[in-house]
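Visitor:
In the working numbering, the protein residues as written are 19 to 164.
#1: Less than 8 Å between C-beta atoms, sequence neighbours within five positions excluded: which residues of the same chain meet that for residue 48?
#2: Do residue 99 and residue 134 have their CB atoms nearer than 8 Å?
#3: Using a 10 Å radius around the Cβ and a threshold of 16 neighbouring Cβ atoms, would you call residue 147 buried or exposed?
#4: So what does DSSP say about residue 104, is it helix, strand or coil?
#5: Could you give the DSSP three-state label for residue 139: helix, strand or coil?
#6: By Cβ distance below 7 Å, which residues in the same chain neighbour residue 76 in space, the five residues on each side in sequence not counted?
#7: By Cβ distance below 8 Å, which residues in the same chain neighbour residue 91 in space, the five residues on each side in sequence not counted?
#8: Using 10 angstroms around the beta-carbon of residue 132, count the other beta-carbons present and answer buried if the total reaches 16, otherwise exposed.
#9: In whole angstroms, what separates the C-alpha of residue 111 from that of residue 82?
#10: Between residue 85 and residue 97, how many whole angstroms is the CB-CB distance? I'm expecting something under 8 Å.
#11: Alpha carbon to alpha carbon, what distance is there between residue 124 and residue 36?
#12: Return the chain-ordered list of same chain residues with a C-beta closer than 6 Å to the C-beta of residue 102, the five sequence neighbours on each side being excluded.
Put into structure tokens, the structure is as follows:
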């Protein structure tokens, strides 16, 4: 990784959240852990993060609702959804809302670290690229006379 990403871990399960947070920090990854979607929104409004690990099943605001709000605040943030259950419908909704990936818990730490790394690199690349003009403005699309 170019440098260590700043991770926001959002999960309502205390034991899982604390254990994963410690495992990431031991590997030199700066991690802030919160227990709700509302707390995550407050965090990203006040602090810079690169990748969010977001549980899908939480009380009050679930992961899909939180993802939609996160992308409104910062569309460049990469969000990896964590779930205890696979769901094609959820995966499709996550993709539609701009989620980066969907991981089934428990996930081997090395696999999760790899996903974090690729999400972080994607965020860095997207931040570096200047806005691309719309295709209609980029090329003259009037038909040639023949």
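Note that CB positions come from ideal geometry on N, CA and C, so glycine has one too.
Predicted model, so just to flag it, every value in this text is computed and none were measured.
Guide: On the basis of the supplied data:
#1: Working through the chain shown from its first residue, we reach residue 48 at position 30. Here the set comprises 22, 23, 24, 25.
#2: Locating residue 99 in the chain shown gives position 81, counting from the first residue. Locating residue 134 in the chain shown gives position 116, counting from the first residue. Cβ atoms of residue 99 and residue 134: not closer than 8 Å.
#3: Residue numbering aside, residue 147 sits at position 129 when the chain shown is read from its first letter. By the 10 Å Cβ count, residue 147 comes out exposed.
#4: Numbered from its first residue, the chain shown carries residue 104 at position 86. It is coil, neither helix nor strand.
#5: In the chain shown, counting from the first residue as 1, residue 139 sits at position 121. Looking at residue 139 - three-state DSSP - the assignment turns out to be helix.
#6: Counted from its first residue, the chain shown places residue 76 at position 58. So the list reads 30, 54, 55, once near-sequence residues are dropped.
#7: In the chain shown, residue 91 corresponds to position 73, counting from 1. Counting only Cβ-Cβ distances below 8 Å, and skipping sequence neighbours, we find 59, 62, 63.
#8: Walking along the chain shown from the start, residue 132 turns up at place 114. Exposed, since its Cβ has fewer than 16 Cβ neighbours within 10 Å.
#9: In the chain shown, counting from the first residue as 1, residue 111 sits at position 93. In the chain shown, counting from the first residue as 1, residue 82 sits at position 64. The straight-line gap from Cα to Cα measures roughly 8 Å.
#10: The sequence position of residue 85 within the chain shown is 67, counting from 1. The sequence position of residue 97 within the chain shown is 79, counting from 1. Indeed they touch by this definition, with Cβ atoms about 5 Å apart.
#11: Locating residue 36 in the chain shown gives position 18, where the first residue counts as 1. Locating residue 124 in the chain shown gives position 106, where the first residue counts as 1. So the alpha carbons of these two residues sit roughly 14 Å apart.
#12: Position 84 of the chain shown, counted from the start, is the residue given in the question as residue 102. Only 123 meet the Cβ criterion.
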